[in-house]
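Chains as they are written, first to last, in this note's numbering: chain S, 1 to 367; chain B, 368 to 713.
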């Protein structure tokens, strides 16, 4: 079988899939990328057993038949990178082998057994919802940083994807903070979606949507998240378990409310965080009339104070936070001013960092 | 291959066939039994029987799923073994497993994780595994393969169903050695006897010519004097070529066999002493030498010697220095044999 395609298409497809190929695979076959040939398309597949990606490349010319190939990903990516500028690459497939030819030379590669490569199909998805890829990618970036890295709490290692009526909600939490983002979507069929997607999958969907540039359709079955684009699809296994009821964590009684310039707060808290250490990451927020004072002190490091202008008329108030959590929330914000809502000294604070985007951050007892 | 290749484990086989038929598979099992009797093989066959596309209660060995389990490439089947040059399962391996188990199965209803040498985990790794055993996902089947339950943390043990594997029959081991490894009948018979029902051990004994070394060892036992302890342990190291081996793991393996030879010899003496000559022995035959040697030792002495050897085996598993361990064991044995007559000023 012979296939002709352009170097840039070959390079683009492979570099996208290389992101999912595990560097150290528990199963050796996963270190490969599977090639299948259908009509004038080359179907590339890669998986790490968590996320399965299928991506199509248009071929210029196809002749003959083949049952497919599994080629070692990193070697293939190196070849594709160097031939990215090539007008034409010829792939000749024979029994268990493949020859790649372009100007200047050729590579002969040995294929792994195609039958050994996992074949995953999306199964049991009740319906799909269309959403702009850029919007979905933007929503993901607003929650992904809050995903827990403690593997023992498996449900918090993922992001809750929740659709009801005409809203898509993404929620991530790690026990000390929670990030929620909500966007209106078109859902004429009233499809309900509720599942926990892995952080790795969502991170890959961001790359996938950057490549796709357009509308993505997504749907959930009992065990899978299925995202379809014009050039491929992503299938990811969901995390098993029940996500905590996130609405109950949002504080209902926050009597102090301040609006503050995001950049000014970000600079101030970052500077205050310089005077903290690994074991004691605490910045104290002191609210007083028309002012917010941030201070930090670590015995072996030193101390710092920063002032930020705010409109505040209420009584003096003190609360402390881990500066990293506040910095993460502010970095993900794309608005000029953020709103902070505070209740008691020991209750969670709400950081409204954008349109329908909130961060709940637990305070730290500083004394 | 399928359950048909499983030999000498009829009870276990019936138990699992019933469990598959009645859909009553537990979330966690401990397969316990000595090394080389087919625990991992059985667990793989069990996984194939569960994942098989053509058959409900056994593996067809023909479908894609069975072939992929055989090649360890089936996406819902995970076999975790100690890494190269390591005897223990590392916490990183368990963390990876934990992570992957909470992701729903890809191609089947179950996710099966087999952890080999699960009795060789440190406390930290045990605790990591415990978390998964406490709240296993509905689709998970975790199989821990161990040689001794004593080394498994009580908290882990109490959350698993324990399945005991029997040693293989002597005839089965012997026939395998003759048919599969083309050994002569006499050597196969001896290896089958000393391997204690473990085919893997019999094969490794054949490779290291332990039968010949064991015979040399027994001849030396008769000549031993009270003050020979240190010279004898040096001789042992030379004669068994322990120092010639490359890795510490190989050395430990051979020292273990050496200590087993001590154990077998004194076990035979004890049997001879109590006079029950119908119990099978590791010795070729009841000869005059062994009978006369057994007469010179009391039952208590023999029991104490066996206990000393058993403790040495335990120390070996806990990474004791092999030179000191052998010297200490031989000194203790000779002390017991001669009634503590060894001078400390040698």
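Think of the CB as a built atom: it goes at the ideal place given N, C-alpha and C, for glycine as much as any other residue.
**Request:** Grab the span of the beta strand (DSSP E) containing residue 349/S for me, first residue to last.
**Result:** From DSSP, the beta strand (DSSP E) with residue 349/S extends over 349 to 354.
**Prompt:** Out of curiosity, what's the CA-to-CA distance linking residue 374/B and residue 412/B?
**Reply:** 12 Å
**Asked** What are the start and end residues of the alpha helix (DSSP H) that includes residue 203/S?
**Response** Its alpha helix (DSSP H) spans residues 199 to 212.
**Prompt:** So, helix, strand or coil for residue 444/B, using DSSP?
**Reply:** strand
**Request:** In angstroms with no decimal places, state the Cα-to-Cα distance between residue 711/B and residue 656/B.
**Result:** Unreliable positioning characterises residue 711/B in this predicted model, as indicated by a pLDDT of 46, which lies under 50. The coordinate reading is nonetheless provided below. The straight-line gap from Cα to Cα measures roughly 29 Å.
**Message:** Only counting the same chain, and skipping five residues up and downstream in sequence, which positions put a Cβ closer than 8 Å to that of residue 50/S?
**Reply:** Excluding sequence neighbours, residue 50/S sits near 198, 200, 201, 236 and 237.
**Item:** N- and C-terminal bounds of the beta strand (DSSP E) containing residue 226/S
**Value:** 224 to 228
**Prompt:** Apart from the five residues on each side of it in sequence, which residues of its chain come closer than 8 Å, Cβ to Cβ, to residue 565/B?
**Reply:** 401, 402, 403, 404, 534, 535 and 540
**Message:** Can you tell me which residues form a DSSP beta bridge with residue 284/S?
**Reply:** Residue pairing by DSSP places residue 284/S opposite 295/S and 320/S in a beta bridge.
**Message:** Would residue 438/B pass as an interface residue toward chain S - the criterion being a Cβ-Cβ separation below 7 Å?
**Reply:** yes
**Prompt:** Where residue 344/S and residue 219/S are concerned, what is the direct C-alpha to C-alpha distance, given to the nearest angstrom?
**Reply:** 40 Å
**Message:** Quick test of your reading: residue 93/S and residue 71/S, contact by CB under 8 Å. State the CB separation rounded to the nearest angstrom.
**Reply:** The Cβ separation is near 10 Å, so there is no contact.
**Message:** Could you check whether the Cβ of residue 711/B sits closer than 7 Å to any Cβ belonging to chain S?
**Reply:** Residue confidence for residue 711/B is low, a pLDDT of 46 falling below 50, so the modelled location carries little weight and cannot support an answer.
**Request:** Identify whether residue 712/B lies in helix, strand or coil by the three-state DSSP scheme.
**Result:** A caution first: residue 712/B carries a pLDDT of 39, below 50, which makes its placement in the model too unreliable to give a value.
**Asked** For the beta strand (DSSP E) that contains residue 56/S, what are its first and last residues?
**Response** 51 to 58
**Message:** I need the DSSP call for residue 132/S, collapsed to helix, strand or coil.
**Reply:** strand
**Item:** Helix, strand or coil at residue 80/S [DSSP, three-state]
**Value:** For residue 80/S, the secondary structure class from DSSP, reduced to helix, strand or coil, is helix.
**Message:** When you compare the CB positions of residue 511/B and residue 649/B, do they come within less than 7 Å of one another, or not?
**Reply:** Cβ distance not < 7 Å, so residue 511/B and residue 649/B don't count as in contact.
**Pairwise C-alpha distance: residue 442/B and residue 125/S** = Cα to Cα, residue 125/S sits roughly 21 Å from residue 442/B.
**Request:** Show which residues of chain B have a CB atom less than 7 Å away from the CB atom of residue 151/S.
**Result:** 462, 465 and 466
**Request:** Rounded to whole angstroms, what's the CA-CA distance from residue 295/S to residue 264/S? Just pull it up for me.
**Result:** 15 Å
**Message:** Quick check: the Cα distance between residue 554/B and residue 547/B, rounded to an integer number of angstroms?
**Reply:** Separation of residue 554/B and residue 547/B (C-alpha to C-alpha, rounded to the nearest whole angstrom) is 14 Å.
**Asked** Is any beta-carbon of chain S found at less than 7 Å from that of residue 387/B?
**Response** no
**Request:** State the Cα-Cα distance for the pair residue 22/S and residue 675/B, rounded to the nearest angstrom.
**Result:** 49 Å
**Message:** So, with DSSP's three-state summary, where would you put residue 705/B?
**Reply:** Helix at residue 705/B.
**Asked** Apart from the five residues just before and just after residue 327/S, which ones in its own chain have a Cβ nearer than 8 Å to its Cβ?
**Response** 266, 269, 270 and 273
**Message:** Going by DSSP, what residue range makes up the alpha helix (DSSP H) through residue 157/S?
**Reply:** Taken as a continuous stretch (DSSP letters only), residue 157/S belongs to no alpha helix (DSSP H), as it is neither H nor E.
**Request:** Look at the alpha carbon of residue 35/S and the alpha carbon of residue 196/S, and state the distance between them as a whole number of angstroms.
**Result:** 30 Å
**Request:** Closer than 7 Å by C-beta to residue 436/B: which residues in its own chain qualify, once you throw out the five before and the five after it? Chain order, please.
**Result:** For residue 436/B, where only same-chain residues beyond five positions count, the Cβ hits under 7 Å are 411, 414, 415, 418 and 444.
**Prompt:** Helix or strand or just coil, what does DSSP make of residue 398/B?
**Reply:** Note: residue 398/B maps to strand in three-state DSSP.
**Item:** chain B contacts from the segment 17 to 38 of chain S (Cβ-Cβ distance under 9 Å)
**Value:** 26, 27, 28, 29 and 30
**Asked** Can you check whether the CB of residue 240/S is closer than 7 Å to the CB of residue 396/B?
**Response** no
**Request:** Find out if the Cβ-Cβ distance for the pair residue 377/S, residue 286/S is shorter than 7 Å.
**Result:** No answer is possible for residue 377/S: the residues shown for chain S start at 1 and end at 367.
**Message:** Quick check on the burial criterion: 16 or more other C-beta atoms within 10 angstroms. Buried or exposed for residue 349/S?
**Reply:** buried
**Of the listed residues 158/S, 3/S and 52/S, nearest to residue 117/S (C-alpha basis)** = 52/S
**Message:** Give me the residue from 106/S, 355/S, 97/S and 169/S with the minimum Cα distance to residue 83/S.
**Reply:** 106/S
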